[in-house]
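> Dropping a structure here in structure tokens format, bear with me for questions.
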Amino acid sequence: MDEFKSGFFIGGEACEGRVLVVDDEPDIRKVVKMTLQKAGYEVLEAENGEKAIEVINSGENRLLLDVVICDIRMPKINGAEAVAYFRSNYPRVPLIVLTGFPDTDMATSFLRQGVVDYLVKPVEGEKLRSAVARALEQRELAKL
Amino acid sequence: MEISDHTKVAILGAGRDGLALLDLLHHIPSIEIVGITDRNPAAPGLQRARELQIPVIINVPDLIGNHGVNLILDATGDPAMEASLHTHKLPGANILSGSASRLLWKLIRHESKLEAELLQSEKLAGIGSFAAGIAHDINNPLQLILGLAENLAEERDLTAVHEQAQDIIQAVKRTSAICRDLTRYSRRASPHQDVLVPVNDKLDEALKIARYASSLHDIEMSKQYQPGAVVKGNPDELLHVLVNLITNAVHAMERTGGTLTLETTLHDGQVHVRISDTGCGIALDKLDEIFEPFFTTKAPGKGTGLGLYNVKTIVNKMHGAIAVDSHIDRGTTFTLTFPNAKPAGQGYLS
Numbered sequence: 293m294d295e296f297k298s299g300f301f302i303g304g305e306a307c308e309g310r311v312l313v314v315d316d317e318p319d320i321r322k323v324v325k326m327t328l329q330k331a332g333y334e335v336l337e338a339e340n341g342e343k344a345i346e347v348i349n350s351g352e353n354r355l356l357l358d359v360v361i362c363d364i365r366m367p368k369i370n371g372a373e374a375v376a377y378f379r380s381n382y383p384r385v386p387l388i389v390l391t392g393f394p395d396t397d398m399a400t401s402f403l404r405q406g407v408v409d410y411l412v413k414p415v416e417g418e419k420l421r422s423a424v425a426r427a428l429e430q431r432e433l434a435k436l
Numbered sequence: 161m162e163i164s165d166h167t168k169v170a171i172l173g174a175g176r177d178g179l180a181l182l183d184l185l186h187h188i189p190s191i192e193i194v195g196i197t198d199r200n201p202a203a204p205g206l207q208r209a210r211e212l213q214i215p216v217i218i219n220v221p222d223l224i225g226n227h228g229v230n231l232i233l234d235a236t237g238d239p240a241m242e243a244s245l246h247t248h249k250l251p252g253a254n255i256l257s258g259s260a261s262r263l264l265w266k267l268i269r270h271e272s273k274l275e276a277e278l279l280q281s282e283k284l285a286g287i288g289s290f291a292a293g294i295a296h297d298i299n300n301p302l303q304l305i306l307g308l309a310e311n312l313a314e315e316r317d318l319t320a321v322h323e324q325a326q327d328i329i330q331a332v333k334r335t336s337a338i339c340r341d342l343t344r345y346s347r348r349a350s351p352h353q354d355v356l357v358p359v360n361d362k363l364d365e366a367l368k369i370a371r372y373a374s375s376l377h378d379i380e381m382s383k384q385y386q387p388g389a390v391v392k393g394n395p396d397e398l399l400h401v402l403v404n405l406i407t408n409a410v411h412a413m414e415r416t417g418g419t420l421t422l423e424t425t426l427h428d429g430q431v432h433v434r435i436s437d438t439g440c441g442i443a444l445d446k447l448d449e450i451f452e453p454f455f456t457t458k459a460p461g462k463g464t465g466l467g468l469y470n471v472k473t474i475v476n477k478m479h480g481a482i483a484v485d486s487h488i489d490r491g492t493t494f495t496l497t498f499p500n501a502k503p504a505g506q507g508y509l510s
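In order, the protein sequences belong to chains A and B. Heads up: the first sequence at position 60 corresponds to 352 in the working numbering, and the numbers run straight through without jumps. Heads up: the second sequence at position 14 corresponds to 174 in the working numbering, and the numbers run straight through without jumps.
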């Protein structure tokens, strides 16, 4: 049964997990949300690193947030700063970087910091969903 | 080109050679063309002189005997002219005629070609730093297009299909605008195309380009435009000047954030363009050097050191001036001053 896996119930529907999408472009948040909701994820949004930190620190998110998908080039607290914050304060929440700018050095540095995936836009829905599924597996492993 | 003294030039002959001299010399700030003359009222140089608001004088002695002319350029190719010049010229005025005059024209043309090359190479070197910005602005709409297209393949709701198809069209348009802006910016400025340029529009256009070079995310924008700010010059070159100054201003605030102020004012027949930042500032002992070629504070490979040198060259060519005021940790203001080119009595719609 679903509730014995990683899922919990929201409004009577099985939920695969709670994902926070951090991107300054509403269009990107919209399509990522659309893509993940189809696979049964609950998707929260934040428009920059500062908002993302607010979201993860509010209420049950502290415990129930499963994955963060984070852009890099953003106002206020940018992606790199947000990643550093998440890694040191919420090391159990897996992070996926989703960026418009492919940069090998940056990718290496993020992966060293413990980011589970570095995806370059545009990314196919299937690839995004499997990255999230992999990240969730990691979270489950970390819980053990 | 460095000519230290102010030179007052009279051009004789407004045919092909005279026209070329006129076009080249009027860009040089230390040279004042007091007038041009030709026996043929339909000579192309006379028409050009009127466009440039340079006096067309019918009578040769009138032109060379007055106005404090100290250099006479004879581009008539008429051997009889030389003798007549010596009788009418003021004492102390020099005459260049025949091949000497053509040689001068060739040298100036060569110099202005080199200047154009320098400008172009600096511009292209700068475009390398746009990569991150361009990638961001192209890949974001592509993500939207891909996501929506994947969804459309399964979407049953016809209203949603229509909406998402519209979103895709808009995203494609935004992406193509990026290429249009950048190709317009990167093209070689066409020579001798002085037209009336509305400065406020150019500032907005420059801001669009500067976004690629540096993130404007944490920068507050303040625009204070006075309508009717119009200058005369090459629009591509002016755009380059503004992109350069805006990019520098944004870089100065990279670590701290701050306010970018773009301001135009009209005063006493002059247009003032101010580009201010509240960033790191320039040290007093560096202020004198910033317009020198190859001066840069950037890391090797990051800047060509030709940015402000080219800016100054272009501004001078437009008969303008550039001034800088800077305080460490408080910010920098560049002020450009140009003659207001707004035709008298005409309203300008901006």
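Note that the Cβ used here is the ideal one computed from N, Cα and C, for glycine as well. Note that the structure is a prediction, hence the values are computed from the model and not measured.
(1) For Thr-493 (chain B), does the three-state DSSP call read helix, strand or coil?
(2) Does any CB atom of chain B fall closer than 8 angstroms to the CB of Arg-421 (chain A)?
(3) Please list the residues of the region 363–385 of chain A that have a C-beta atom closer than 8 angstroms to any C-beta atom in chain B, keeping them in chain order.
(4) Strictly under 8 angstroms for the Cβ-Cβ distance: is Ala-292 (chain B) near chain A by that measure?
(5) What are the partner residues of Asn-254 (chain B), as DSSP defines its beta bridges?
(6) Please return the same chain residues whose Cβ sits closer than 6 angstroms to the Cβ of Gly-309 (chain A), not counting the five positions on each side in sequence.
(7) Take Pro-499 (chain B) and list the residues in its own chain whose beta-carbon comes closer than 8 angstroms to its own, dropping the five residues that flank it on each side.
(8) Select from the region 296–323 of chain B all residues with a C-beta closer than 9 angstroms to any C-beta belonging to chain A, and list them in chain order.
(9) What are the start and end residues of each continuous alpha helix (DSSP H) run of 4 or more residues lying completely inside the region 162–190 of chain B, in chain order?
(10) Which residue's Cα is closest to the Cα of Arg-404 (chain A): A:Val-415, A:Val-375, A:Gly-341?
(11) For Lys-192 (chain B), list the residues DSSP reports as bridge partners.
(12) Once the 5 residues before and after Lys-477 (chain B) are set aside, which same chain residues still bring their CB inside 7 angstroms of it?
(13) Using 8 angstroms as the threshold, is the region 225–236 of chain B in touch with the region 258–277 of chain B, meaning 3 or more CB pairs across them?
(14) Short of 7 angstroms Cβ to Cβ, which residues in the region 351–381 of chain B face chain A?
(15) So who's on the other strand from His-432 (chain B), going by DSSP bridges?
(16) Thinking C-beta only, is Gly-388 (chain B) closer than 8 angstroms to Leu-422 (chain B)?
(17) DSSP has Asp-437 (chain B) in a bridge; who is on the other side?
(18) Thinking Tyr-469 (chain B) and Phe-494 (chain B) are a contact (beta carbons under 8 angstroms), I'd like their distance in whole angstroms, please.
(19) Alpha carbon to alpha carbon, how far is Leu-376 (chain B) from Gln-303 (chain B)?
(20) Hey, quick one: how far does the beta strand (DSSP E) through Ala-331 (chain A) stretch, first residue to last?
(21) So, does the CB of Ile-442 (chain B) fall closer than 8 angstroms to a CB anywhere in chain A?
(22) Using DSSP with H/G/I as helix, E/B as strand and the rest coil, what is Ala-483 (chain B)?
(23) Return the first residue and the last residue of the alpha helix (DSSP H) that Gly-158 (chain B) is part of.
(24) Of the residues that make up the region 394–419 of chain A, which ones have a beta carbon closer than 9 angstroms to any beta carbon in chain B?
This is what the structure gives:
(1) Numbered from 1 along the second sequence, position 333 holds the residue referred to as residue 493 (chain B). Strand, per DSSP.
(2) Within the first sequence, numbered from 1, the residue matching residue 421 (chain A) stands at position 129. It does not; no Cβ of chain B falls within 8 angstroms.
(3) From the region 363–385 of chain A, only Arg-365, Met-366, Pro-367, Lys-368, Asn-370 have a Cβ closer than 8 angstroms to chain B.
(4) Locating residue 292 (chain B) in the second sequence gives position 132, where the first residue counts as 1. Ala-292 (chain B) counts as touching chain A.
(5) Against the second sequence, residue 254 (chain B) aligns to sequence position 94. In DSSP, Asn-254 (chain B) forms a bridge with B:Leu-231.
(6) By one-based count along the first sequence, residue 309 (chain A) stands at place 17. Cβ contact annotation for Gly-309 (chain A) (same chain, cutoff 6 angstroms, sequence separation greater than five): Ser-298, Tyr-333, Asp-358, Leu-428, in chain order.
(7) By 1-based counting over the second sequence, the position of residue 499 (chain B) is 339. Setting aside the 5 residues that flank it on each side, Pro-499 (chain B) is surrounded in the same chain by Val-391, Lys-392, Gly-429, Gln-430, Val-431, His-479, Gly-480, each with a C-beta closer than 8 angstroms to its C-beta; the list follows chain order.
(8) Listed in sequence order: His-296, Asp-297, Ile-298, Asn-299, Asn-300, Pro-301, Leu-302, Gln-303, Leu-304, Ile-305, Leu-306, Gly-307, Leu-308, Glu-310, Asn-311, Glu-314.
(9) You should have 176–185.
(10) Here residue 404 (chain A) is taken as the residue at index 112 of the first sequence, counted from 1. Proximity to Arg-404 (chain A) across A:Val-415, A:Val-375, A:Gly-341 peaks at A:Val-375, based on C-alpha coordinates.
(11) To locate residue 192 (chain B), count along the second sequence from 1; it is residue 32. A small correction: the amino acid at residue 192 (chain B) is Glu; Lys does not occupy that position in the sequence shown. The partner list for Glu-192 (chain B) (beta bridge, DSSP) reads B:Lys-168.
(12) In the second sequence, counting from the first residue as 1, residue 477 (chain B) sits at position 317. Excluding residues within five positions, the ones whose Cβ falls inside 7 angstroms are His-187.
(13) Flag = yes, the region 225–236 of chain B and the region 258–277 of chain B touch.
(14) Residues of the region 351–381 of chain B that bring their beta carbon within less than 7 angstroms of a beta carbon in chain A comprise Ser-375, His-377, Asp-378, in sequence order.
(15) For this step, residue 432 (chain B) is matched to residue 272 along the second sequence. For His-432 (chain B), which the question treats as bridged, DSSP gives the partners B:Thr-425, B:Thr-497.
(16) Position 262 of the second sequence, counted from the start, is the residue given in the question as residue 422 (chain B). Position 228 of the second sequence, counted from the start, is the residue given in the question as residue 388 (chain B). One thing to note: Leu-422 (chain B) has its Cβ no nearer than 8 angstroms to the Cβ of Gly-388 (chain B).
(17) Within the second sequence, the letter at position 277 stands for residue 437 (chain B). Here Asp-437 (chain B) is bridged, per DSSP, to B:Thr-492.
(18) As a first step, residue 469 (chain B) must be located in the second sequence, where it is residue number 309. As a first step, residue 494 (chain B) must be located in the second sequence, where it is residue number 334. No, Tyr-469 (chain B) and Phe-494 (chain B) are not in contact; Cβ-Cβ is about 14 angstroms, not under 8 angstroms.
(19) By one-based count along the second sequence, residue 376 (chain B) stands at place 216. By one-based count along the second sequence, residue 303 (chain B) stands at place 143. Cα to Cα, the separation comes out at about 22 angstroms.
(20) Position 39 of the first sequence, counting from 1, holds the residue named residue 331 (chain A). Annotation: Ala-331 (chain A) is outside any beta strand (DSSP E) and is labelled neither H nor E by DSSP.
(21) Here residue 442 (chain B) corresponds to residue number 282 of the second sequence, with the count starting at 1. Cβ-Cβ to chain A under 8 angstroms: no for Ile-442 (chain B).
(22) Translated into the one-based positions of the second sequence, residue 483 (chain B) becomes position 323. Three-state DSSP puts Ala-483 (chain B) in a strand.
(23) The shown model of chain B, from 161 to 510, leaves out residue 158 (chain B), and the question about it has no answer.
(24) Here the close residues are Pro-394, Asp-395, Val-412, Lys-413, Pro-414, Val-415, Glu-416, Gly-417, Glu-418.
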